[in-house]
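First the structure, in the form of structure tokens, and then the observations on it.
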Amino acid sequence: MMDEQFDFKQKYRNLLLILIAGGILVSLAAIFISKPGPSRIWANVLLNNQYFMGLSLGAAFFLAVHRVAQSGWHTVLQRLPDAMTTFLPVAFVLMLLIYFGIHNLYSWTDNNVSDKVIEGKKAWLNIPFFFIRIVIYFTGWIVLTRMMRKNSTALMISSDLKYHNRKILFAGLYLVFYGITVSASSWDWIMSLDAHWYSTLFGWYVLIGMFVTSLAFITLLIWLLKRLGYLKYVRADHVHDMAILIFAFSIFWTYQWFAQYELIWYGHLPEETSYYITRLHHFKVIFFINLGVNFIVPFFGLITFKAKRQIGWVAIVAAVVLIGHWLDYWLMIMPAAAGDKAGIGLLEICMTLVYGCLFIFIVLRSLSTGPLVVKNDPYLEESLNYES
Amino acid sequence: MIQRNNILISFDDEVPLLQAVRKLRDNKEIITDVLSPFPVHGLDEALSIKRSRIPVVGFIFGAIGALLAFGFQAWVFTVSYPLIIGGKPFFSVPTFIPITFEVTVLFAGLSMVAAMLIRSKLKPEIRFEPVEERITDDRFVILVEAEDEETTLSRIRSLLSGIHTIEIR
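So the protein sequences, as listed, match chains A and B. Quick note on the working numbering: the first sequence kicks off at 20 and runs consecutively. Quick note on the working numbering: the second sequence kicks off at 216 and runs consecutively.
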């Protein structure tokens, strides 16, 4: 039981690869037929980059936060978020591809437009510094998550306590770097789509969205693995705690959403309200679906004691949360990037499918390269006997 | 407070306490009460105590609080004393939310505290004699119901002979 390893069967690999290839083909066909325009295509690339990179970063955040708090209950689940962080190098390459669409996405890249507000931001918003920052963000994230993974592997092999103590150090380093860079990256990639608008809450809002999405994905992974017969030692108590986290941080996300919305609404300053005017006037349905799905469903779905303990039901709520936060990113990115051409059509669904299958492929492959449980972890005994 | 005769069994550690509770319940003894200085893990399950319904109280009163606060603000700002504040409409949902949230939390919290006090029968000027002075210090106590003290006492003494007890009286 301790040494069980996930067997990433060939038929599942093939299925995922076929879906990726098929998805790319259908996306190309959709582009050819409906001619959405380069802004919308690149906005899709940006949206999916952000979403799936966010899954990786939020997973590392989950681990880091628990390690810094010296929590024991999550130990039995450590390999799952560990595996999710292996997507970051792929996300790095995909984000660098934005270079080819940068004029379609960001209006501040246009040197012909002279605009006092954008002129003032030129020191930060210029193409060379933009890409230097991408390199800094991803290098830091990849190096730190790699350090955390290698440390876990070393602990599994040698059971030397120094690796256990290093976990907290690396977790702390990751948290500090992540806190700064996730804010800065959200300003760079999402907030600067409309360079005249800004919100000081934006970095926080994106961070919490990332964390909730990662929690939901980890929960779905638990459900999948249990269905395939693995993780028999992950009990209702562990599921309960994951559900508590999804519940609590969905409420926190709503709080951030509302804090950003209400202050802008009450201040009624034209330079701030432009963001919400676009979204409320042209995308009203999605605007309120976003709030409903990301608040009402996790709140009422996971409020009772029993609901939190059944992996089947929690997995359904997690799936809804995952879709809901994709919609949330859509609402952040599409109206600003694509404007009139924004929509949710075959292109969006296929590109998300391609990215999703790629993400799942990489995560499951990483999961299969080691035992599903971190042996020799001092907190493992506590985690296996955890009662919540 | 103790109406019937009770046998008192005291321990100095939670492990024999749990063992004794299980053994007594297996033998269909009626346990009136178990007293301990701190919450003992596993005791609720051993005594088959049902889960508390206080969270339900919290939810219901929280919902009442939300409706009251939102409704009150809506009435005040549309019917009773409409004021133009910052150019915002009279019935403006975002303005009502912070107070609604706070009142929800207030009602939920206060109602749960009140429910806990009522269910524990705690009220001002309450008096009761502790059965064992060290119950808040380092002793754990099981109170077993006994119509006939003598026979129950000897029965329990033999039942718990393998478990480390401090006193059975």
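Ideal Cβ placement from N, Cα and C applies to all residues, glycine included.
query	result
Leaving aside the five residues before and after residue 220 (chain B) along the sequence, list all residues of the same chain whose C-beta is less than 6 Å from its C-beta, in chain order.	361 and 364
What does residue 225 (chain B) pair with, by DSSP beta-bridge criteria?	B:356 and B:382
For residue 284 (chain A), return the contacting residues in chain B, with the cut-off set at a CB-CB distance below 9 Å.	303, 307, 309 and 310
Where do the N-terminal and C-terminal ends of the beta strand (DSSP E) with residue 245 (chain B) fall, by residue?	Careful: residue 245 (chain B) lies outside any beta strand (DSSP E) and carries neither H nor E.
Are the segment 230–246 of chain B and the segment 370–383 of chain B touching, with three or more C-beta to C-beta distances below 8 Å?	yes
Assess, as a yes-or-no matter, whether the segment 331–350 of chain A is touched by the segment 279–292 of chain A under the definition of 3 or more beta carbon pairs within less than 8 Å.	no
Out of curiosity, what's the CA-to-CA distance linking residue 200 (chain A) and residue 221 (chain A)?	13 Å
Under three-state DSSP, which class holds residue 377 (chain A)?	helix
Tell me whether residue 235 (chain B) is buried or exposed, calling it buried when 16 or more other Cβ atoms sit within 10 Å of its Cβ.	buried
Compute the distance between the beta-carbons of residue 374 (chain A) and residue 67 (chain A), then report whether it is under 8 Å.	yes
On the CB-based measure, 16 or more other CB atoms within 10 Å of its CB, does residue 379 (chain A) come out buried or exposed?	buried
Looking at the unbroken alpha helix (DSSP H) that takes in residue 25 (chain A), where does it start and where does it end?	Here residue 25 (chain A) belongs to no alpha helix (DSSP H), and DSSP marks it neither H nor E.
According to the neighbour-count rule (16 or more other Cβ atoms, all chains shown, within 10 Å of its Cβ), is residue 83 (chain A) buried or exposed?	buried
Alpha carbon to alpha carbon, how far is residue 356 (chain A) from residue 131 (chain A)? Give it in angstroms, no decimals.	19 Å
Between the Cα of residue 313 (chain A) and the Cα atoms of A:69, A:353, A:223 and A:231, which residue gives the shortest distance?	A:231
For residue 273 (chain B), report the span of its alpha helix (DSSP H) as first-last.	269–290
Rounded to the nearest angstrom, what separates residue 276 (chain A) and residue 144 (chain A) at their Cα positions?	26 Å
So, for residue 216 (chain B): in the same chain, excluding its five sequence neighbours on each side, which residues have a beta-carbon less than 6 Å away from its beta-carbon?	With a pLDDT of only 46 at residue 216 (chain B), under the threshold of 50, the placement of this residue in the model should not be trusted, and no figure is reported.
Can you list, in chain order, the residues of its chain whose CB lies under 8 Å from that of residue 350 (chain B), leaving out five sequence neighbours each side?	250, 251, 252 and 356
Whose C-beta lies closer than 7 Å to the C-beta of residue 288 (chain B) among residues of the same chain, with five residues either side of it excluded?	311 and 314
Any beta carbon of chain A sitting closer than 8 Å to that of residue 237 (chain B)?	no
Does any residue of chain B have a CB that is nearer than 8 Å to the CB of residue 277 (chain A)?	yes
Please list, in chain order, all residues of the same chain as residue 257 (chain B) whose beta carbon is under 7 Å from its beta carbon, the five residues on each side excluded.	233
Which partner residues of residue 249 (chain B) appear in the DSSP bridge assignment?	B:357
Tell me residue 390 (chain A)'s beta-bridge partners as DSSP assigns them.	A:24
Identify whether residue 91 (chain A) lies in helix, strand or coil by the three-state DSSP scheme.	coil
Spell out whether any CB of chain B is found under 8 Å from the CB atom of residue 271 (chain A).	no
Only counting the same chain, and skipping five residues up and downstream in sequence, which positions put a Cβ closer than 7 Å to that of residue 322 (chain B)?	276, 277, 279 and 280
Against chain A, with Cβ distances strictly below 8 Å, would residue 187 (chain B) count as a contact?	The displayed coordinates of chain B run from 216 to 384. Any statement about residue 187 (chain B) would go beyond what the structure contains.
What residues in the segment 315–333 of chain A bring their beta carbon closer than 9 Å to a beta carbon of chain B?	322, 323 and 324
Put residue 305 (chain B) into one of helix, strand or coil per three-state DSSP.	coil
Would you mind giving the Cβ-Cβ distance between residue 77 (chain A) and residue 233 (chain A), rounded to the nearest angstrom? I have them listed as a contact below 8 Å.	3 Å
Run the CB neighbour count on residue 343 (chain A), radius 10 Å, all protein chains shown included, and call it buried at 16 or more, exposed below.	buried
Please name the residue, chosen from A:371, A:402 and A:187, that lies closest to residue 69 (chain A) on a Cα-to-Cα basis.	A:371
The alpha helix (DSSP H) that contains residue 329 (chain A), what's its start and end?	Here residue 329 (chain A) belongs to no alpha helix (DSSP H), and DSSP marks it neither H nor E.
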